[in-house]
Each structure stands twice: as structure tokens, then as C-alpha cells.
Amino acid sequence: MRVSEVMTRDVCIAAPEQTIQEVAKMMGDIDIGVLPVGENDRLVGMITDRDIAVRAVGQGKGLSTKVRDIMSEEVKYCFEDEDTNHVTRNMGDQQLRRLPVVNRKKRLVGILSLGDLAIAKDGRAAGNALKDISQAGGLHSQTDE
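Residue numbers (our numbering): 9 to 153.
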């Protein structure tokens, strides 16, 4: 099965110059916890509700803090034509619950979550990835500079 068959296509995008208050409202309005950050038709980062809580609120930053100041700039992604088994294993290895999906021109075309994989498949691969993701530690500490 290809990523394009299970990914979520309707993706809202945050801008680096938006405030965290604006982005938090967007997240609440559409009931999501992560937004890709785009600038000049390029994916430049990701921002999560946890980024807002830990990197902004936890560090005493105000509501007018720009997304650019707390977003994760190193973005892992997958291609829409990749095999879901391969991508699921990579998500587990990289401890990622969601990945932006790009086409071969590296334009954002969707987002892939463990939930998408669990619904579309028998859930076993998503469960194995979740087990790996849930291991303590890993590459994605919220407080590392």
C-alpha cells in the first residue's frame, strides 16, 4: 500500500511569522496537535501543541512569540509514493507519530499519522511503530537547543 492511499490530504499550514496564539487557536478550531510550517511554497518546519507548551509557555515566552522561534526546523518527511510498511518502520525508528507527505518535487501534499495507518491497515504495523515511538529518550527532546 502506498502512502498516498492512507494519508490525510486536507492539511492546514502555519506561517513562521504567525504568533503561537494564532496557531494554538487554529489547532483548537480544527482539533489537531500539529501543523506543518510553510514559507514561500516550501515546508520549513513543524509546530506541535507540545512545542507551544514546552518551548514557549514552559520557558516563559509570551503569546506574541513567533512560530519561527519555537518550531522544529529539522523536518522528517516521506514521499506519497512510498510503501507504507517501509514508512511505518521508519516512523518507529525515528520516534515520530506523524510525517508530512511530499511529492517528488518536495511539495506538501498531505500528512501521515499512526492513526491513518491503524485505520487503513490491520493495526499491527502501527502498533509496532507506536511501541518503538514510546521508548524513553530518543532524538526529539523538546528542550534541547
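Where is the CB? At the ideal position from N, CA and C, for every residue including glycine.
Taking only three categories from DSSP, how would you classify residue i?
i	result
threonine 73	coil
alanine 61	helix
glutamate 47	strand
glycine 41	coil
methionine 54	strand
arginine 115	coil
arginine 97	helix
valine 83	coil
leucine 122	helix
valine 109	strand
alanine 22	strand
Have a look at residue i and residue j and give me their C-alpha separation to the nearest angstrom.
i	j	result
threonine 96	glycine 41	20 Å
glutamate 153	serine 72	Confidence at glutamate 153 is low in this model, with a pLDDT of 46, below 50, so its placement is unreliable and the value that follows should be read with caution. Rounded to whole angstroms, glutamate 153 to serine 72 spans 20 Å at the Cα level.
arginine 76	alanine 61	15 Å
valine 52	arginine 106	16 Å
serine 125	lysine 33	Note on residue identity: the sequence assigns leucine, not serine, to residue 125. In a straight line, the C-alpha of leucine 125 is about 27 Å away from that of lysine 33.
valine 14	asparagine 98	16 Å
isoleucine 21	isoleucine 28	13 Å
isoleucine 119	aspartate 57	16 Å
glutamate 88	arginine 50	16 Å
glutamine 26	glycine 123	28 Å
asparagine 111	valine 65	35 Å
isoleucine 78	asparagine 93	31 Å
serine 80	valine 31	14 Å
Rounded C-beta distance between residue i and residue j? I'm assuming under 8 Å.
i	j	result
arginine 109	cysteine 86	Sequence inspection shows valine at residue 109; the arginine mentioned does not correspond to that position. Indeed they touch by this definition, with Cβ atoms about 6 Å apart.
leucine 104	lysine 74	With 8 Å as the limit, leucine 104 and lysine 74 do not qualify as a contact, their Cβ atoms being about 24 Å apart.
methionine 54	valine 45	6 Å
valine 4	glutamate 82	Coverage of the chain is limited to positions 9 through 153, which leaves residue 4 absent and any answer about it impossible.
Under a Cβ-count criterion, where at least 16 other Cβ atoms within 10 Å of its own Cβ denotes burial, should residue i be classed as buried or exposed?
i	result
aspartate 59	buried
methionine 9	exposed
arginine 63	buried
isoleucine 127	exposed
isoleucine 38	exposed
glycine 100	buried
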